[in-house]
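Below: one structure, written as structure tokens.
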Amino acid sequence: MSYILNKKLLCSLAIAGTMINSTAFASENPFATVPKDYWAYTAVEHLVETGLVDGYNLTDFHDKKVVARYDLAQFVARAMANENRATAEDKVILNKLQQEYSNELKIMMVMPAEPAPVKEEPQATNNFFDNGKIKWFGDARIRYQTNYKADTPKGYTANVADKDRKDKRSNRIQERLRLGFYAEPDENLSVLGRVKLENTTNDDNGYTNNGDSGAHGSANLDLLALTWKQMDTSVTLGRQNLNIGQGLIWWDNPVDGIMVTQDLGNNSLISAGWGNLTAENWKDYSMNAFIANAQIGVDDNTKFTLGYLKTNSNENTLWNNHKNQWNWIESSENPYMLEQIAYGINTQLSDKWNLTAEAVTNRASGLPDGAQKNGWWTRLTYGNLKWDTKDTWKVYADYMSLGNYSVDSTGWAHILNTPGGDGLGGNGEKGYGLGISYMLADNTNLEFNWYKLRPYDSNYSGFSDYYDMYNLALNYSF
Numbered sequence: 000m001s002y003i004l005n006k007k008l009l010c011s012l013a014i015a016g017t018m019i020n021s022t023a024f025a026s027e028n029p030f031a032t033v034p035k036d037y038w039a040y041t042a043v044e045h046l047v048e049t050g051l052v053d054g055y056n057l058t059d060f061h062d063k064k065v066v067a068r069y070d071l072a073q074f075v076a077r078a079m080a081n082e083n084r085a086t087a088e089d090k091v092i093l094n095k096l097q098q099e100y101s102n103e104l105k106i107m108m109v110m111p112a113e114p115a116p117v118k119e120e121p122q123a124t125n126n127f128f129d130n131g132k133i134k135w136f137g138d139a140r141i142r143y144q145t146n147y148k149a150d151t152p153k154g155y156t157a158n159v160a161d162k163d164r165k166d167k168r169s170n171r172i173q174e175r176l177r178l179g180f181y182a183e184p185d186e187n188l189s190v191l192g193r194v195k196l197e198n199t200t201n202d203d204n205g206y207t208n209n210g211d212s213g214a215h216g217s218a219n220l221d222l223l224a225l226t227w228k229q230m231d232t233s234v235t236l237g238r239q240n241l242n243i244g245q246g247l248i249w250w251d252n253p254v255d256g257i258m259v260t261q262d263l264g265n266n267s268l269i270s271a272g273w274g275n276l277t278a279e280n281w282k283d284y285s286m287n288a289f290i291a292n293a294q295i296g297v298d299d300n301t302k303f304t305l306g307y308l309k310t311n312s313n314e315n316t317l318w319n320n321h322k323n324q325w326n327w328i329e330s331s332e333n334p335y336m337l338e339q340i341a342y343g344i345n346t347q348l349s350d351k352w353n354l355t356a357e358a359v360t361n362r363a364s365g366l367p368d369g370a371q372k373n374g375w376w377t378r379l380t381y382g383n384l385k386w387d388t389k390d391t392w393k394v395y396a397d398y399m400s401l402g403n404y405s406v407d408s409t410g411w412a413h414i415l416n417t418p419g420g421d422g423l424g425g426n427g428e429k430g431y432g433l434g435i436s437y438m439l440a441d442n443t444n445l446e447f448n449w450y451k452l453r454p455y456d457s458n459y460s461g462f463s464d465y466y467d468m469y470n471l472a473l474n475y476s477f
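Just so you know, numbering that gives the first Met the number 0 puts 310 at position 311 of the sequence shown, and the rest follows in order with no gaps.
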């Protein structure tokens with residue numbers, strides 16, 4: 000059946016089509032026209048916006064011109080290839096599209112020849128899902144961590160009165176459940192909400208033999224944000240997930256505030272806004288900050304990033320524990336001041352090799368003399384882990400060198416599996432780590448990582464090594 004496309008989308012589909020084997024046809028006509036108001040247009044547009052469909056511009060869908068089922072399925076196939084970059088919300092949308100276009104994906108040899116039965120969807124709705132119904136999603140995690148604070152030096156010897164703190168390492172077991180919803184109340188409006196329930200047990204904080212100071216059954220509002228979108232511009236207000244650069248400043252953690260994002264096409268965007276960094280209730284006082292982010296896509300495989308975060312007040316302070324020159328642990332009060340600038344790159348070197356690297360500096364005025372303001376981190380990944388595919392996996396190696404004021408190692412809102420030091424203004428962190436992540440079943444992941452760490456400057460800190468850090472986590476999403 001004939002269909003109408005704007006010129007740019009037609010060229011994009013033609014290029015994608017040359018990469019797909021289409022010698023067979025499903026019993027249902029894959030070239031049947033998709034009605035203009037069908038939910039799949041908006042769903043695919045969302046995947047383009049989040050960067051899962053590399054190389055395409057949002058203007059390809061804003062006109063809502065009529066296309067064929069097979070055409071939309073090609074975009075779904077492209078997003079499936081990048082599913083390792085998808086968020087939990089993206090996966091909900093992608094799974095629904097896979098079900099809808101299973102026959103077309105089978106023709107492309109993207110899905111097995113015997114797909115699971117698919118429930119037919121009504122083809123006349125202006126909302127994201129049928130008649131504007133709320134879509135629910137969630138995930139669960141249980142993990143064990145050893146020396147998770149990364150604040151215990153090797154060889155620490157306490158005095159007699161403090162013997163319980165000798166060579167102590169922080170350990171804990173955590174269970175977390177997150178339940179969320181997504182809906183579109185209007186054509187240009189969407190709302191995303193999520194509640195987090197978390198329990199910490201067997202929390203030995205490193206200061207007592209049998210400490211159990213964790214959160215027992217705590218619950219909080221993790222996300223609640225309203226997004227207005229017009230063409231390539233979106234404005235999000237409320238408690239929202241924030242990613243800056245490659246993640247050394249902030250990654251996949253909530254902020255209370257407002258963000259404006261402009262999609263530039265070709266995997267490029269800019270965003271800026273203001274927010275309160277205490278959305279996770281890690282600190283005693285409000286930590287308001289200005290935030291900006293830029294991403295430039297070189298091609299489908301490589302992007303450069305520039306991130307910025309500046310706290311608005313220099314009056315807030317944090318208490319941290321450090322080892323002094325007499326080999327004892329003492330507490331000190333440090334200013335919480337950040338003006339971070341981060342430069343990063345993410346490049347897909349081949350089908351299985353990926354490289355991420357980022358450098359950061361803290362230019363805040365008024366930092367103490369001798370503050371270690373600079374740091375960097377890199378990760379090399381091998382594998383092809385797909386969240387919804389059993390027996391897929393990846394392995395990775397990290398190296399980091401982070402000064403004591405380069406990243407927020409107290410709040411731990413960044414992407415690293417380690418805090419980045421023993422607290423902001425402490426001793427920083429330098430070292431390497433190895434990790435493996437394996438899909439035990441569809442949407443069920445087991446991950447283990449290990450890190451060997453030392454202070455950023457041993458001469459400054461007075462000791463040469465932290466105890467090793469281990470993380471073991473089981474994750475499931477639905």
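We put the CB at the ideal spot given by N, CA and C, even for glycine.
Annotation: the continuous alpha helix (DSSP H) that includes Leu71 extends over 68–80. With a cutoff of 8 Å on beta-carbon distance, Ala218 and Arg238 are scored as not near each other.
Nearest to Glu44 by alpha-carbon distance, out of Ser285, Ile92, Arg68, is Ile92. The Cβ atoms of Gly430 and Asn416 do not sit closer than 8 Å to each other. Taking the C-beta atoms as reference points, Leu196 is found nearer than 8 Å to Leu176. Each of Ala139, Met230, Leu247, Pro253 was checked against the Cα of Asn240, and the nearest Cα belongs to Pro253. Under the criterion of beta carbons closer than 8 Å, Asp138 and Arg171 do not qualify as touching, at roughly 19 Å.
Taking one beta carbon from each stretch, the segment 450–458 and the segment 416–425 have 3 or more pairs nearer than 8 Å; the two touch.
A residue is called buried once 16 or more other Cβ atoms fall within 10 Å of its Cβ, and Trp249 is buried on that count.
Between Ala78 and Leu46, the C-beta gap is smaller than 8 Å, which places the two residues in contact.
Residue pairing for Thr49: DSSP places it in no beta bridge.
By the criterion of a C-beta distance shorter than 6 Å, Ile141 is surrounded in its chain by Glu174, Leu473, once the five residues flanking it on both sides are discounted. The C-beta of Ser169 has 16 or more other C-beta atoms within 10 Å across all chains shown, which makes the residue buried. For Ile414, no alpha helix (DSSP H) segment is defined, and its DSSP state is neither H nor E.
If you look at Val406, you'll find it isn't in any beta strand (DSSP E); DSSP assigns it neither H nor E. A Cβ-Cβ contact shorter than 8 Å links Leu263 with Ile269.
Residue burial is scored here from C-beta neighbours: Gln97 has at least 16 other C-beta atoms within 10 angstroms and is therefore classed as buried.
Taking the CA atoms as reference points, Asp368 sits about 20 Å from Ile340. For Leu236, there is no enclosing alpha helix (DSSP H); the enclosing beta strand (DSSP E) covers residues 232–243.
Secondary structure of Leu191 (DSSP, three-state): strand. If you draw a 10 Å sphere on the C-beta of Asn361, you find 16 or more other C-beta atoms in it, and that means buried.
Pairwise C-beta distances place the segment 392–399 out of contact with the segment 224–235, as fewer than three of them are shorter than 8 Å.
For the 8 Å CB-CB criterion, Met438 and Asp390 form a contact.
Taking C-beta atoms under 8 Å as the contact rule, Asp421 and Ser405 fail to qualify, at a distance of about 13 Å.
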